[in-house]
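**Student:** Residue numbers (my numbering): 636 to 778. Quick reminder that beta carbons are idealized off the backbone N, C-alpha and C, glycines included. The model shown is predicted, which means the values in this text are computed figures rather than measured ones. Take this structure, written in structure tokens, and hold onto it; I'll ask about it next.
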Amino acid sequence: MELPKLNFQETFDFKFKKDKDKFFIYDLVRKTYLLLTPEEWVRQHWIHYYLTVKSYSASALITEKKIVLNGLTKRIDLLVTEKTEPIILIECKAPQIKLTEKTFEQTARYNSIIGAKEIILTNGLQHINAYYENEQYVFYKPD
636 MELPKLNFQE TFDFKFKKDK DKFFIYDLVR KTYLLLTPEE WVRQHWIHYY
686 LTVKSYSASA LITEKKIVLN GLTKRIDLLV TEKTEPIILI ECKAPQIKLT
736 EKTFEQTARY NSIIGAKEII LTNGLQHINA YYENEQYVFY KPD
């Protein structure tokens, strides 16, 4: 399986397995193998980033959490918490998906339910970071 090189300085140690003609990647948070989709490839990079580079514990990371938005059930991709408080909401897209104002607004709508201080919209190649301050998003480039 050909996986794109994503825009991370670090190289992570992923575990893969193949079953019939499908590939799976091991999720350190859920402690199980998941179908390796382009979006999952991006999410797993972020999970490894927060576990290995930022030294968060696996219990501080929440994946695929259900939320209800305008009566519809949605799932967030990744939430970083500190002492159970939502800190960073990460919305992952497949690498070939363009990040637009519309996809950012989707992330912001999800965060209206979650209430994280920061959001990251990413396709693995491009990352858009924003803090929520004074009832608006302030975009920034991380160090």
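So for Asn764, helix, strand or coil by DSSP?
**Tutor:** In this structure, Asn764 counts as strand in the three-state DSSP scheme.
**Student:** On the three-state DSSP scale, how would you describe Phe651?
**Tutor:** Of the three classes helix, strand and coil, the one that applies to Phe651 here is strand, per DSSP.
**Student:** For Ile722 versus Ala751, is the C-beta spacing smaller than 7 Å?
**Tutor:** For Ile722 and Ala751, yes; Cβs fall inside 7 Å.
**Student:** Taking DSSP as the reference, what is the three-state secondary structure of Ile748?
**Tutor:** Looking at Ile748 - three-state DSSP - the assignment turns out to be helix.
**Student:** Starting from Ile723, trace the beta strand (DSSP E) both ways and give me its first and last residue.
**Tutor:** Looking at the DSSP string, the run of the beta strand (DSSP E) that includes Ile723 is Glu720 to Cys727.
**Student:** Going by DSSP in three states, Asn643 sits in which element: helix, strand or coil?
**Tutor:** Checking the sequence, you will find Phe at residue 643 rather than Asn. The answer is coil: DSSP assigns Phe643 none of H, G, I, E or B.
**Student:** In its own chain, which residues sit with a C-beta less than 6 Å from the C-beta of Glu726, not counting the 5 before and 5 after it?
**Tutor:** So the list reads Asp712, Thr742 and Leu756, once near-sequence residues are dropped.
**Student:** Within the 7 Å Cβ cut-off, does Thr646 reach chain D?
**Tutor:** Among the chains in the structure shown there is no chain D, since it carries only a single protein chain.
**Student:** Could you give the first and the last residue of the continuous alpha helix (DSSP H) run that contains Val677?
**Tutor:** Unbroken alpha helix (DSSP H) run through Val677: Pro673 to His683.
**Student:** Taking just the CA atoms, how far does Ile754 sit from Lys653?
**Tutor:** C-alpha separation (whole angstroms): 33 Å.
**Student:** Could you tell me whether the Cβ atoms of Asn642 and Leu724 are closer together than 7 Å?
**Tutor:** No, they are not a contact pair.
**Student:** Consult DSSP for Val688 and reduce its assignment to one of helix, strand or coil.
**Tutor:** DSSP places Val688 in helix when its eight states are reduced to three.
**Student:** Considering only C-alpha positions, which residue in the set Lys709, Ile660 and Ser694 is nearest to Ser747?
**Tutor:** Answer by Cα proximity: Lys709.
**Student:** Alpha carbon to alpha carbon, how far is Lys728 from Glu699?
**Tutor:** If you take the alpha carbons of Lys728 and Glu699, they lie about 13 Å apart.
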